[in-house]
Amino acid sequence: MKILVIGSGGREHALVWKLAQSPHATQMWCAPGNAGIAQERLASNGALVECVNIGAENIPQLLMFALEQKPDLTVVGPDNPLALGIVDWFQRQGLRIWGVNEKAAQFESSKVFSQKFMEKYGIPTAAAGTFSEAGPAKAFCATLGGKCVVKADGLALGKGVLICTNRAEAEKAVDEIMVSKAFGSAGANVVIQEFLEGTEVSLHALCDGKTAKIFPTSQDHKRALDGDLGLNTGGMGTYSPTPFLTDAQLADTARKILDPFMRGCHEEKIDFRGLLYPGVMLTKAGPKVLEFNARFGDPETQVYLTRLENDLVELLDASVNGTLDKIELKWKPAASVCVVMASGGYPGNYPKGKIITGLDAANALPHTKVFHAGTAKNGNEIVTNGGRVLGVTALGQDLKAAQAAAYAAVEKIHFDGAQFRRDIAAKAL
Ligand code: AMP
Ligand code: GLY
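Counting from 1, position 220 in the sequence shown corresponds to residue 223 in the working numbering; the numbering is continuous, with no gaps.
Right, dumping it as structure tokens:
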């Protein structure tokens, strides 16, 4: 099977790495990929994965490439091409592609859409209102005593969510999004949620339009610095499983979220084939969905795919075909920890082109895999080329062992200005 993967981050390296292990994969491309992806080889025939220099949002050129090379399956990593309707474009040309279509991508691309859907179908979520004008939005913040979260409706590079502790802050947040238009048209509408206290976890479910298969739990670390301090980032590290839900509680949570989700999709004629990633707050009053994403998490994918036993080609194929009911997801009992090594300055400005050393030594450690994100090749060197540079991932018999193994690998890797959190998975221990 010829497979094209779209994207260039740590998530896509993990997808490529896992897909490449499948005996079904006989040729693979990644657009645009990164330096680590370009080193992966297929288990079936030893062929290298070929990186193709087309950006993940350049749908016309991706389509042209696919029409020429005829991949049997295209796998989409990031949210933007999904929101732009890449799946619909490919399908209209008769190309098989995995990921949500444009209508289903709305769960991520519009927070107003998701909030209204959750309320309509009884999915547990925060008390909330949706607004298209600043005045009523501010009045609603006041009813929450100003303790609220103001969210721009559209995609805003993960920055359109403002957490407020009092009325003045809430009014400023509404003005910033709706009046000053800090996030452009993404802020024409807002969702305002009550501020929820609790432990946040990431859930993932693979869907095929009828069946949703829940993954084990994982937890991301979104702030840049230890102790959940500093600025929000794309994610500085993950681990799986988490100790916050027992298997029975996870099954119950999945039932409360996924059953009404699938029912709602059926009612609204949304054919959800892809990955549903609810961000969930475990509150005293039970689990509540903060937001939906409609793709694999990054860096959640790195810990999930190192634990997954199934053939990923078969899983994604079943998700496209609508035959997930015939498949049982199997996970290694081992725990997985991923520590993100980022460029100095990230999530603000950062330099590029810093030489990375120690990658081979880290990868040689047992049960360890260094996933690349922002890396590039410069002559014989691998250099930094983005904010999040590497996702150093290790398995262990329990979280403590996996954490020790991941940090032992991090110690082997060096580049100028490297920054990483030293407390990934600490909350679980
Ligand atoms: P979102 O993009 O909607 O997931 O929001 C980004 C982050 O803001 C989440 O990962 C949470 O840490 C935080 N957040 C979002 N909504 C709420 C809420 N209602 N209460 C508390 N924290 C929230
Ligand atoms: N782990 C954060 C994200 O993928 O959005």
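Glycine included, each C-beta is placed from N, C-alpha and C at the ideal position.
Bear in mind that the values here come from a model prediction, so they are computed numbers and not experimental data.
Segment contact flag, the region 178-187 with the region 259-271, C-beta cutoff 8 Å, min 3 pairs: no
Nearest-angstrom Cα separation, counted from ASP75 out to LEU228: 42 Å
Bridge-paired residues (DSSP) for VAL164: LYS154
The ligand GLY heavy atom lying under 7 Å from the CB of GLY361: no
Paired residues, beta bridge with ALA215 - DSSP: CYS210
Backbone CA spacing between LYS154 and ALA404 [nearest angstrom]: 38 Å
Start and end residues, beta strand (DSSP E) containing PHE116: Unbroken run through PHE116 is the alpha helix (DSSP H), 114-124; no beta strand (DSSP E).
LYS333 classed as buried or exposed, judged by whether at least 16 other C-beta atoms fall within 10 angstroms: exposed
Buried or exposed (CB count within 10 angstroms, at least 16 for buried), ASP363: exposed
Euclidean distance between Cα positions of ALA1 and ILE385: Outside the modelled stretch of the chain, which goes from 4 to 432, sits residue 1, for which no answer is possible.
beta-carbon ASP301 near the ligand GLY non-hydrogen atom, thresh 7 Å: yes
Proximity to ARG276 [Cα-Cα], best of VAL90, TYR349, GLY356, LYS225: VAL90
Test item: CB-CB of ALA412 and THR371 under 8 Å: yes
Range covered by the beta strand (DSSP E) that runs through ILE9: 5-10
Proximity test, ILE330 beta-carbon vs the ligand AMP heavy atom, cut-off 7 Å: no
Beta-bridge pairing of MET344 - partner residues as DSSP gives them: LEU393
Given 8 Å, three or more beta-carbon pairs between the region 5-18 and the region 26-35: yes
Contacts around GLY88, its chain only, beta-carbon distance under 6 Å, and the 5 residues preceding and following it disregarded: GLU105
Per-residue burial, ASP419 [other beta carbons within 10 Å of its own, 16 or more giving buried]: exposed
Three-way DSSP call (helix, strand, coil) for ASN352 in this model: coil
DSSP state of PRO290 mapped onto helix, strand, coil: strand
Any non-hydrogen atom of the ligand GLY within 7 Å of GLY237 CB: yes
CB of LEU158 within 8 Å of CB of ASP231, strictly: no
Start and end residues, alpha helix (DSSP H) containing MET181: No alpha helix (DSSP H) holds MET181; DSSP gives it neither H nor E.
Heavy atom of the ligand AMP within 7 Å of GLN42 beta-carbon: no
CA-to-CA distance, THR256 to ALA321, given in whole angstroms: 24 Å
Cross-strand partners of LYS372 (DSSP beta bridge): THR396
Selected residue, minimal CA-CA separation from PRO246, among ALA41, ARG99, ALA429, LEU7: ALA429
Whole-number beta carbon distance between VAL194 and LYS114, since they are thought to touch under 8 Å: 5 Å
The ligand AMP heavy atom lying under 7 Å from the CB of MET284: yes
As assigned by DSSP and simplified to three states, the class of MET284: strand
Whole-number beta carbon distance between GLU53 and ALA23, since they are thought to touch under 8 Å: Going by Cβ atoms, the distance from ALA23 to GLU53 rounds to 12 Å, so no, they are not a contact pair.
Own chain partners of HIS207 with C-beta closer than 8 Å, once the 5 adjacent residues on each side are dropped: ILE217, PHE218, SER221, LEU278, LEU279, TYR280, PHE299, GLY300, GLU303, TYR307
As assigned by DSSP and simplified to three states, the class of MET265: helix
Per DSSP, cross-strand counterpart(s) of HIS417: THR360
Where GLY230 sits in the DSSP three-state scheme: helix
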